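Colleague: Per this note's numbering, residue 218 is the first one in the sequence shown, and the count goes up by one each step.
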Amino acid sequence: MLTNPSSAQFPEGFRWGTATSAYQIEGAVDEDGRGASIWDTFCKLPGKIRDGSNGDVADDHYHLYKQDVALMTALGVSTYRFSIAWPRVFPEGRGTPNPKGLAFYDRLVDELLANGIKPFATLYHWDLPQALQDRGGWEHRDTAKAFADYAGFVAGRLADRVSDYFTLNEIRSFVDLGYGNGVFAPGLSLSPGRLNQARHHAVLAHGLGVLAVRANGRRNTRVGMAENITTALPAIESKKNIAAAHLATREMNAPYLTVMLEGRYTDNYLNQAGADAPHFTAEDLKTISTPVDYVGLNVYAPGAFVRASDKPPGYTTIPLPSSYPHMQSPWLTIGARTLYWAPRQVSKLWNVKEIYITENGASAADVPNEEGGVDDLDRVMFLREYLDQLRRAAAEGVPVRGYFLWSLLDNFEWSEGYSIRFGLHYVDYKTQKRTPKLSASFYKKLIARNALV
Ligand code: GBH
């Protein structure tokens, strides 16, 4: 316990939750009429997934969801962010909906509500229906329209029990890695011009999705995005560096959060892209920047450390020394202040009034101890340091309303397969047994006190 408990306190009513995504936990890929997604296809390509695995079974959450909701109840969370698998609802991506697919989410939502847990549904967490990829996927403008139709359909069906939605999870990740360097599904490496166009279609899908969710939802329906902001941190928190970091964050998110919240591509982005800039209309920009009810931020590693510079663009990026520390995933460099600066910069840059941390968490080399528990001291350290910075933001009046810890369970970590663990609960993939780690007790106590422990 910290010596001064009052300084460890989070605001009253702060929402604590956990987050997951469909393909990473559900399994049951051939059940109840689910169509194929690009990840089913991608996992079959040799060498794409580190351990040669796939999401066919994953955590078998499709069958074990009641048990998983019980884990949440034991933690004491008041909210849960999950994603809906588009190919369960529309096996072909569009056209005739599959009632059995949506029925799974009906059951899940009912179970959550029966346990007093408020559902937040993400409409797209990377599992694009393969049928849409066959027509070009995010390179095809029609995919944005298909997403909106699907989003509107889901909101129409669930709005009586689910008031909160996120459109797309991490446009930066699924477009840049899926279409830019081939690390994610569908495994393409497009030229810069085609890549920028795919990014544009994805932010357009977000805007059309917001409109569709509102049109089909109820008066209390609320919607935003869940984007992994690239956060520029001031190397030293001086006034000049802080201002430089704001400039840098705005530029580094130009084709994602910046255009979604400003309705324009920055001059720098367009100038640098030159002939490779995306084709768009003024109407597109208006749609993309349709006002949202809140902004969801996935916050992990610092995006960059910067200092002020007299030369344009006004900041210098400092390369990370090779000894800079990281968690189990090499990309997950540790920088607790990212969880302070990300929401603070977003509220300041774009006057955002309501922010959720839609993901934050850490990978660790978890090994069960003799009693079968996992003493993940490094994850606990990571969470404590990061959450202290979130508390700092909240104490300074940054409008952050809730936090979804990634993740409830160890799960299918995309191209890393099952070799990387992010869960509060250890999963034995042979038996599907879930065991709470030390980090689960840490989180449970923190939630109970609404304060750092
Ligand atoms: C989130 O991505 C995802 O939303 C979630 O599904 C995922 O499980 C979780 O975080 C943990 O990773 O292979 O070196 O090119 C976080 C942002 C962007 C981090 C892509 C990993 C790939 C690094 N991710 N990045 S690399």
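Glycine residues also receive a C-beta, built at the ideal position from the N, C-alpha and C atoms. Remember, it's a predicted structure, so these values are computed and weren't measured experimentally.
Relative to the C-alpha of L669, which residue among Q649, R651 and L607 is closest?
Modeller: Closest option to L669, Cα to Cα, is L607.
Colleague: According to DSSP, G234 sits in a beta bridge with which residue or residues?
Modeller: In DSSP, G234 forms a bridge with T296 and F621.
Colleague: How many whole angstroms separate the CB atoms of P403 and G395, which I take to be in contact at a CB cut-off of 8 Å?
Modeller: Confirmed, Cβ separation roughly 6 Å.
Colleague: With burial defined as no fewer than 16 other Cβ atoms inside 10 Å of the residue's Cβ, what is the status of P222: buried or exposed?
Modeller: Confidence in P222 is poor, its pLDDT being 48 and thus under 50, which makes the residue's placement too unreliable to answer from.
Colleague: Leaving out the 5 sequence neighbours to the left and right, which residues in its chain are closer than 6 Å to T534 when beta-carbon positions are compared?
Modeller: Cβ neighbours of T534 beyond the five flanking positions: A521 and V523.
Colleague: Let me know the secondary structure DSSP gives P530 once reduced to three states.
Modeller: P530 falls in the coil class under three-state DSSP.
Colleague: D327 to A363, Cα distance in whole Å?
Modeller: Answer to the nearest angstrom: the Cα atoms are 27 Å apart.
Colleague: So does E387 have its beta carbon nearer than 6 Å to some heavy atom of the ligand GBH?
Modeller: Checking every heavy atom of the ligand GBH against the Cβ of E387, one is found closer than 6 Å.
Colleague: Less than 7 Å between the beta carbons of A368 and V392, yes or no?
Modeller: Cβ distance not < 7 Å, so A368 and V392 don't count as in contact.
Colleague: Determine the burial state of K261: buried for a count of at least 16 other Cβ atoms within 10 Å of its Cβ, exposed for fewer.
Modeller: So K261 ends up on the exposed side.
Colleague: Closer than 6 Å: is that where the CB of S390 sits relative to any heavy atom of the ligand GBH?
Modeller: Yes, the Cβ of S390 comes within 6 Å of a heavy atom of the ligand GBH.
Colleague: Given a cut-off of 7 Å on the beta-carbon distance, is the pair P616 and E571 in contact?
Modeller: Closer than 7 Å, so yes.
Colleague: Buried or exposed: I453, going by 16 or more other Cβ atoms within 10 Å of its Cβ?
Modeller: When all chains shown are included, I453 counts as exposed.
Colleague: Alpha carbon to alpha carbon, how far is V591 from S506?
Modeller: Rounded to whole angstroms, V591 to S506 spans 44 Å at the Cα level.
Colleague: Under 8 Å, with one C-beta from each stretch per pair, do the stretch 477–489 and the stretch 537–545 reach the 3-pair mark?
Modeller: Verdict: no, contact absent.
Colleague: State yes or no: is the C-beta of N332 within less than 7 Å of the C-beta of V294?
Modeller: Not in contact: N332 and V294 (Cβ atoms no closer than 7 Å).
Colleague: Does DSSP classify D247 as helix, strand or coil?
Modeller: Three-state DSSP puts D247 in coil, outside helix and strand.
Colleague: Can you tell me whether Q350 is buried or exposed, with buried defined as 16 or more other CB within 10 angstroms of its CB?
Modeller: Result: buried.
Colleague: Does the stretch 623–632 come into contact with the stretch 232–250, if we say contact requires no fewer than three beta-carbon pairs (one atom in each stretch) closer than 8 Å?
Modeller: The stretch 623–632, when compared against the stretch 232–250, does touch it at the 8 Å Cβ threshold.
Colleague: Quick one, which of L325, D359 and P314 has its alpha-carbon nearest S300's?
Modeller: Answer by Cα proximity: L325.
Colleague: Quick one: what's got a C-beta closer than 6 Å to F659's C-beta in the same chain, skipping five residues either side?
Modeller: So the qualifying residues of the chain are V597.
Colleague: Closer than 6 Å by C-beta to R389: which residues in its own chain qualify, once you throw out the five before and the five after it? Chain order, please.
Modeller: Result list for R389: N445 and Y473, in chain order.
Colleague: With a threshold of 6 Å (Cβ to nearest heavy atom), would S636 be considered close to the ligand GBH?
Modeller: Checking every heavy atom of the ligand GBH against the Cβ of S636, none is found closer than 6 Å.
Colleague: Mind checking whether G513 and Y573 have CB atoms under 7 Å apart?
Modeller: Contact: yes.
Colleague: On a CA-only basis, which of S406, G373 and R305 is nearest V427? Give me that one, please.
Modeller: With distances taken between Cα atoms, V427 lies closest to G373.
Colleague: Given Y635, which residues of its chain have a CB within under 7 Å of its CB, disregarding the five upstream and five downstream residues?
Modeller: Cβ within range, chain order: D268, S270, F629 and Y646.
Colleague: Taking the alpha-carbon positions, what's the T652 to N433 distance?
Modeller: The straight-line gap from Cα to Cα measures roughly 40 Å.
Colleague: Taking only the alpha-carbon atoms, compute the straight-line gap between A275 and A245 and give it to the nearest angstrom.
Modeller: Cα to Cα, the separation comes out at about 9 Å.
Colleague: Could you name each continuous beta strand (DSSP E) segment of 3 residues or more that falls completely within the stretch 283–369, going from the start of the chain to the end?
Modeller: Fully enclosed beta strand (DSSP E) runs of 3 or longer: 296–300 and 335–341.
Colleague: Taking E387 as the reference, give the member of S380, G424, W343 and A415 with the closest Cα.
Modeller: Comparing Cα-Cα distances from E387 to each of S380, G424, W343 and A415, the minimum goes to W343.
Colleague: Is there at least one non-hydrogen atom of the ligand GBH closer than 6 Å to the beta-carbon of N470?
Modeller: No, the ligand GBH has no heavy atom inside 6 Å of this Cβ.
Colleague: Express the C-alpha separation of A361 and L425 in angstroms, rounding to a whole number.
Modeller: Rounded to whole angstroms, L425 to A361 spans 7 Å at the Cα level.
Colleague: According to DSSP, is D273 part of a helix, a strand, or is it coil?
Modeller: Looking at D273 - three-state DSSP - the assignment turns out to be coil, as it is neither helix nor strand.
Colleague: Name the one or two DSSP bridge partners that A443 has.
Modeller: Paired residue(s): N386 and G513.
Colleague: Where do the N-terminal and C-terminal ends of the alpha helix (DSSP H) with F522 fall, by residue?
Modeller: That residue, F522, is in no alpha helix (DSSP H); its beta strand (DSSP E) goes A521 to A525.
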